[in-house]
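With the sequence shown counted from 1, adding 1069 to any position gets you the working numbering. Virtual Cβ for every residue (Gly too), placed ideally from N, Cα, C.
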Amino acid sequence: MKTAKTTKTPTTQDPLKSGANLRVSTLAPHLGMSKSTIWRLVREGKFPKPIKLSDKVTVWKADSIIEWLASKEAA
C-alpha cells in the first residue's frame, strides 16, 4: 500500500515584515541583489552589520534591514 506524499506549501509571508533573523540566502532574493553584493556592502560599511550566531550561521535582524531600506528610499 502506498502512502500519500506530503509536500510543504511555500509560505507567502514577507520575511522582512516578520521581525525575524534573516540569513543571507533568504535576504538576497528579497533585496534583488546577490549574496556577494550584500557581503561587499557590509565590508564597505554601507549595509547593516550582521550577527554571528555560530561559526556557520550569520543573520541580520529584519528591523535593521527595514531601517536600511527606508534610509535608501529617503536618499
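Taking all protein chains shown into account, do 16 or more other C-beta atoms lie within 10 angstroms of the C-beta of L1091, making it buried, or fewer, making it exposed?
buried
Is DSSP giving A1128 helix, strand or coil here?
It should be pointed out that residue 1128 corresponds to Val in this sequence rather than to Ala. Of the three classes helix, strand and coil, the one that applies to V1128 here is strand, per DSSP.
As a quick exercise: from K1118, W1108 and K1125, pick the residue whose alpha carbon is nearest that of A1131.
Ranked by Cα distance from A1131, the first of K1118, W1108 and K1125 is K1118.
Tell me, to the nearest whole angstrom, how far the beta carbon of I1120 is from that of L1085; I am working on the premise that it is less than 8 Å.
Not confirmed; about 16 Å, so no contact.
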